[in-house]
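Asks: Structure in structure tokens, see below.
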Amino acid sequence: MRIDKLIWFLRLAKTRTIAQAMAEEGHMRLNGRRVERAHQKVSTGDVLTLATPSGVRVIEIVTLPIRRGPAPEAQACYRVLDGGADNPIAAAFRNEA
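15 is the number of the first residue of the sequence shown in our numbering; add one for each residue after it.
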């Protein structure tokens with residue numbers, strides 16, 4: 015499955031166009047390698063690191079979704095690896111401000 019379609023299906027982007035832009039900007043990593051093309055292939059077991067408005071997310075693809083369904087269905091397709099841990103550098107910066 016294409017990475018832009020996956021991001022849209024997983025509801026990590028509101029539109030497919032936004033998902034394409036996220037992939038092409040190069041601020042995303044797939045298994046540690048920089049993604050620069052929206053048509054990059056993704057499969058089960060891959061680890062995806064991406065920037066979201068709420069911070070950096072690290073997820074493992076458990077299963078590939080077949081559609082863009084409701085949020086609980088989308089969330090069942092991946093496992094969060096970062097555990098919601100706060101970035102220590104960002105936390106230090108916020109405490110100084």
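Cβ atoms here follow ideal geometry from the backbone N, Cα and C, with glycine treated the same way.
1) Please state the DSSP three-state secondary structure of I73.
2) L20 by DSSP, collapsed to three states: which one?
3) Can the beta-carbon of T58 be found less than 8 Å from the beta-carbon of L78?
4) Take the Cβ of A37 as the centre, count every other Cβ of all protein chains shown within 10 Å, and call the residue buried at 16 or more, exposed below.
5) Which stretch, first to last residue, makes up the alpha helix (DSSP H) that contains A65?
6) Give the DSSP-derived three-state secondary structure of M42 in the structure shown.
Replies: Working from what's here:
1) If you number the sequence shown from 1, residue 73 lands on position 59. I73 sits in a strand when the DSSP states are folded into three classes.
2) As a position in the sequence shown, residue 20 is number 6, starting the count at 1. In the three-state reduction of the DSSP assignment, L20 falls in the helix class.
3) Taking the first residue of the sequence shown as position 1, residue 58 is located at position 44. Taking the first residue of the sequence shown as position 1, residue 78 is located at position 64. Yes; because the gap between Cβ atoms is below 8 Å, this pair is in contact.
4) Locating residue 37 in the sequence shown gives position 23, where the first residue counts as 1. Per the 10 Å Cβ criterion, buried.
5) Position 51 of the sequence shown, counted from the first residue, corresponds to residue 65. For A65, there is no enclosing alpha helix (DSSP H); the residue is found in the beta strand (DSSP E) stretching over V61 to T66.
6) The residue you call residue 42 lines up with position 28 of the sequence shown. Here M42 sits in strand by DSSP.
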